[in-house]
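Q: Encoded as structure tokens, here's the structure I'll be asking about.
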Amino acid sequence: MTTAITRMKGCARRLKQNDNINTDYVISGRYKFSIEDPKELAKHIFEDIDPTFAAKVKEGDFIVSGENFGCGSSREQAPVSIKAAGIKAVIAKSFARIFYRNAFNIGLCLIECDTDQIDEGDHLEISLENNRIKNITKNSLTPIKPIPPVMKKLLADGGVIEHFKKYGGFKFDA
Amino acid sequence: MGGQTIAEKILSNHSSKKVKVGDIAICRVDFYFGQDGTSGIIIDNFRKLGNIKPSDKTKFYMVIDHSGPSPSVGVSTIHKKMRAFADEYGVGIYDVGVGVCHQIIPELGHVVPGDLVIGADSHTCTYGAINVFSTGVGSTDLAITLASGKNWFKVPQTVKIMINGKLPKGVYSKDVILHIIGKLGANGCTYKSAEFYGDVIEKLSVESRFTISNMAVEMGAKCGLMQADKKALDWIKKHSKKQPRPVFADKGAVYEAVKEFDVSRLSPQVAKPHTVDNVSAIEEVKGKHIDQAYIGTCTNGRLEDLETAAKILKGKKIHPDVKLIVAPASRIVYLDALKKGMLDIFIKAGGVVLSPGCGPCVGTHGGVPADGEICISTANRNFKGRMGNPNAFIYLASPATCAASAIEGKIADPRRYL
Chain A
16 MTTAITRMKG CARRLKQNDN INTDYVISGR YKFSIEDPKE LAKHIFEDID PTFAAKVKEG
76 DFIVSGENFG CGSSREQAPV SIKAAGIKAV IAKSFARIFY RNAFNIGLCL IECDTDQIDE
136 GDHLEISLEN NRIKNITKNS LTPIKPIPPV MKKLLADGGV IEHFKKYGGF KFDA
Chain B
-1 MGGQTIAEKI LSNHSSKKVK VGDIAICRVD FYFGQDGTSG IIIDNFRKLG NIKPSDKTKF
59 YMVIDHSGPS PSVGVSTIHK KMRAFADEYG VGIYDVGVGV CHQIIPELGH VVPGDLVIGA
119 DSHTCTYGAI NVFSTGVGST DLAITLASGK NWFKVPQTVK IMINGKLPKG VYSKDVILHI
179 IGKLGANGCT YKSAEFYGDV IEKLSVESRF TISNMAVEMG AKCGLMQADK KALDWIKKHS
239 KKQPRPVFAD KGAVYEAVKE FDVSRLSPQV AKPHTVDNVS AIEEVKGKHI DQAYIGTCTN
299 GRLEDLETAA KILKGKKIHP DVKLIVAPAS RIVYLDALKK GMLDIFIKAG GVVLSPGCGP
359 CVGTHGGVPA DGEICISTAN RNFKGRMGNP NAFIYLASPA TCAASAIEGK IADPRRYL
């Protein structure tokens, strides 16, 4: 049984740096060690590489990036503060492993695809059913890598905590 | 079916079936932990799971290392929350001053060859050097394991990394791994397990091997595994009462790629701001002015590292414009360095010695650089803002290079001091 959202509409937000956005850049250690409230953390996302970013982001936006997004520290405050900022999905060419798990564990959707043709401010529609992104601004379609079944299941259940509570353990088959 | 890699074997041994690359394995986990930057969320999520108890309270520890002693009320509040949780559930806590998690977990004998370990810290891959499948996860994954004793793992592909030749004088395991990361890139091993072999690995001390496995994650690797040879097993015997179960790759193991390196002519290496794979030989960067030198961390805060630095600094003074900060990786290392007169050398040279822990590596305390300042550090990350100021610049190098640089006030080749 899935209750997952399969279609999302939003606006692309690009960072000045494209590849290797590490989790220190998502949320600096200065904040993650002293602030526990995700909404407070969300005010500081990407501050060290783009101080105006947090103020620009609107509910429902997508972050669009290049290779190896989320590399570095295992801090879960990274996906947590992105989600708390209202970002609905991160779209990148590839993701670092720990960030990838962390994001789906807390119910933040990650999309892997070629992002070269997506510009700041483009209006996008992600379809998880058809595995593609429709760029409404540019009237073009980009195929996305299908989300692995385990991650889809976690997303549908609202994250791994909810999944675990629902089944009393892991349940990935069927 | 072909042979298995170390990663496939350890994951198979902890699962109900023999698994291969690409499988999802649900595995028993032998040891798991969080640090003070990640334990707050572990605790919150564990409580969200309902009215439950830790699956095995002997297998979980919390370590206060990233910001200890606390520099602020916010951090103190998190530390207090960790202590209260440890009391409530009877789980272990290593409080301020015991040391960096990645030093004390092997040093105090919690992990042995063949184990499967997760930590809510990305440098958990460090114990690969003693044949432990250990990998960093987020706090929520850790909470799930705390509750159930298990987690799920996607069985990774493996890249075999051969390091051959003879390390020249003044060139250390830190230089080797910086060189490899420079060649393979920050995402050169993403989602993959790295297995390290070769003459160089065999000759390295176990302490030096930890430095290599520690930085495997800097090229995206899930773990950085080595075989447990006699040297490793002797080391384990000294540190742990647990029974090691060494795991070797099969002869017919299938590797995604094999990368070979000959380090016989390698110079000391330096990673320049702001990425770990932005690596140059010392010849290209020497002479660059520095304001601060930091020797410590889970990468290079071990006794052997302090010994290397102390030999260079003995009887010398650091440059008057430089702040030298030394943080031994653990209380044991601190006491050994004290007994051997190394701390005396650092202090008389004009340096400061911090309490055991992560020190200024994570930018919360103990040496935050000013705008425009340049720090040379033995740590594993030089990201913008990593040490607490996005307008500072971090270079990564070996303890020898950092010590030589502290004397000269600029990035210096350590070979002339040896």
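Residue numbers (the numbering used here), protein chains in the order written: chain A, 16 to 189; chain B, -1 to 416.
By construction, the Cβ of each residue, glycine as well, lies at the ideal position given by its N, Cα and C atoms.
Bear in mind that the values here come from a model prediction, so they are computed numbers and not experimental data.
In angstroms with no decimal places, state the Cα-to-Cα distance between serine 10/B and lysine 16/B.
A: Distance between the alpha carbons of serine 10/B and lysine 16/B: 5 Å.
Q: Taking the beta carbon of glutamine 33/B as the centre, do at least 16 other beta carbons fall within 10 Å, making it buried, or is it exposed?
A: Glutamine 33/B is buried by the Cβ-count criterion.
Q: I need the straight-line Cα distance from proline 52/B to glycine 20/B, nearest angstrom please.
A: Their backbone Cα atoms lie some 30 Å apart in a straight line.
Q: Kindly indicate which three-state DSSP category methionine 16/A falls into: helix, strand or coil?
A: Its pLDDT being 43, under 50, methionine 16/A is placed unreliably in this model, and the value from its coordinates should be taken loosely. Note: methionine 16/A maps to coil in three-state DSSP.
Q: Are the stretch 52 to 69 of chain B and the stretch 88 to 95 of chain B touching, with three or more C-beta to C-beta distances below 8 Å?
A: Taking 8 Å as the limit for Cβ pairs, the verdict is that the stretch 88 to 95 of chain B does touch the stretch 52 to 69 of chain B.
Q: Helix, strand or coil for glutamine 33/B? Go by DSSP, reduced to three states.
A: Looking at glutamine 33/B - three-state DSSP - the assignment turns out to be strand.
Q: Label aspartate 461/B either buried or exposed according to how many other C-beta atoms from any shown protein chain fall within 10 Å of its C-beta, with 16 as the threshold for buried.
A: Outside the shown range of chain B (-1 to 416) lies residue 461/B, about which nothing can therefore be said.
Q: Indicate whether at least one CB of chain B lies closer than 8 Å to the CB of serine 155/A.
A: Serine 155/A does not count as touching chain B.
Q: For alanine 451/B, count the other beta carbons within 10 Å of its own beta carbon; 16 or more makes it buried, fewer makes it exposed. Which is it?
A: Outside the displayed range of chain B (-1 to 416) lies residue 451/B, so it cannot be described from this structure.
Q: Of all the options Asn162/B, Val277/B and Leu114/B, which has the alpha carbon lying nearest to the alpha carbon of leucine 182/B?
A: Per the Cα distances, Val277/B.
Q: Using a Cβ-Cβ cut-off of 8 Å, state whether tyrosine 40/A counts as contacting chain B.
A: Yes, because at least one Cβ of chain B sits closer than 8 Å to the Cβ of tyrosine 40/A.
Q: Relative to the alpha-carbon of asparagine 33/A, which residue among Ser155/A, Asn120/A, Val105/A and Arg112/A has its alpha-carbon at the smallest distance?
A: When each option's Cα is compared against that of asparagine 33/A, the closest is Val105/A.
Q: In three-state terms, what does DSSP make of aspartate 418/B?
A: Nothing can be reported for residue 418/B: it is not among the residues displayed for chain B, which extend from -1 to 416.
Q: In whole angstroms, what separates the C-alpha of threonine 297/B from that of isoleucine 76/B?
A: Looking at the two C-alpha atoms, the distance is approximately 25 Å.
Q: Cβ closer than 7 Å: which chain A residues qualify as neighbours of aspartate 119/B?
A: Correct list: Ser89.
Q: Give me the chain B residues within the contact set of isoleucine 121/A, using Cβ-Cβ distance strictly less than 7 Å, ordered along the chain.
A: In chain order: Thr138.
Q: Just how far apart, CA to CA, sit valine 72/A and isoleucine 97/A?
A: So the two alpha carbons sit approximately 10 Å from each other.
Q: Any beta carbon from chain B within less than 8 Å of lysine 47/A's own beta carbon?
A: Judged by the 8 Å Cβ criterion, lysine 47/A is in contact with chain B.
Q: Which partner residues does histidine 59/B have in the DSSP bridge list?
A: Looking at the sequence shown, residue 59/B is not histidine but tyrosine. Partner(s): Phe31/B and Gly90/B.
Q: Based on DSSP bridge pairs, tell me the residues matched to threonine 157/A.
A: Answer by DSSP bridge pairing, in chain order: Ile148/A.
Q: When the distance is taken between beta carbons, is alanine 307/B closer than 8 Å to alanine 398/B?
A: In this structure, alanine 307/B lies closer than 8 Å to alanine 398/B by Cβ.
Q: Under 8 Å, Cβ to Cβ, is there at least one residue of chain B near serine 96/A?
A: Closer than 8 Å: no.
Q: With DSSP as the reference, please indicate the residues paired to valine 79/A in a beta bridge.
A: Partner(s): Arg29/A and Ile106/A.
Q: For asparagine 149/B, which of helix, strand or coil comes out of DSSP?
A: The answer is strand: DSSP assigns asparagine 149/B an E or B state.
Q: On the DSSP letters alone, give me the boundaries of the alpha helix (DSSP H) that lysine 346/B sits inside.
A: Looking at the DSSP string, the run of the alpha helix (DSSP H) that includes lysine 346/B is 340 to 346.
Q: On the three-state DSSP scale, how would you describe tyrosine 332/B?
A: In this structure, tyrosine 332/B counts as helix in the three-state DSSP scheme.
Q: Starting from methionine 166/A and walking both ways along the beta strand (DSSP E), at which residues does that stretch end?
A: Where methionine 166/A is concerned, there is no enclosing beta strand (DSSP E), although the alpha helix (DSSP H) it sits in stretches over 164 to 171.
Q: In the DSSP assignment, find the alpha helix (DSSP H) that holds threonine 156/B and state where it starts and stops.
A: Counting along the chain, threonine 156/B falls outside any alpha helix (DSSP H), though it belongs to the beta strand (DSSP E) covering 156 to 162.
Q: Does chain A have any CB closer than 8 Å to the CB of lysine 382/B?
A: Output row for lysine 382/B: interface = yes.
Q: Using a cut-off of 8 Å between C-beta atoms, extract the partners of aspartate 63/A located in chain B.
A: Those are Lys382, Gly383 and Pro388, listed as they occur along chain B.
Q: Residues of chain B with CB closer than 7 Å to the CB of glycine 85/A, please, in chain order.
A: Those do not exist, as glycine 85/A stays about 10 Å from chain B at its closest Cβ, beyond 7 Å.
Q: Could you name the residues of the same chain whose beta carbon sits closer than 8 Å to that of valine 27/B, not counting the 5 residues immediately before and after it, in chain order?
A: If we look at valine 27/B and ignore the five residues flanking it on each side, its Cβ neighbours are His12, Lys57, Leu114, Val115, Ile116, Thr143, Gly147, Lys148 and Asn149.
Q: Hey, is isoleucine 113/A's beta-carbon within less than 8 Å of any beta-carbon in chain B?
A: It does; some Cβ of chain B falls within 8 Å.
Q: According to DSSP, is tyrosine 46/A part of a helix, a strand, or is it coil?
A: Here tyrosine 46/A sits in helix by DSSP.
Q: Starting from glutamate 135/A and walking both ways along the beta strand (DSSP E), at which residues does that stretch end?
A: Where glutamate 135/A is concerned, there is no enclosing beta strand (DSSP E), given that its DSSP letter is neither H nor E.
Q: Is there contact between the stretch 393 to 409 of chain B and the stretch 177 to 196 of chain B, where contact requires at least three CB pairs shorter than 8 Å?
A: As far as the Cβ criterion goes, the stretch 393 to 409 of chain B does not touch the stretch 177 to 196 of chain B, which means the pair count is below three.
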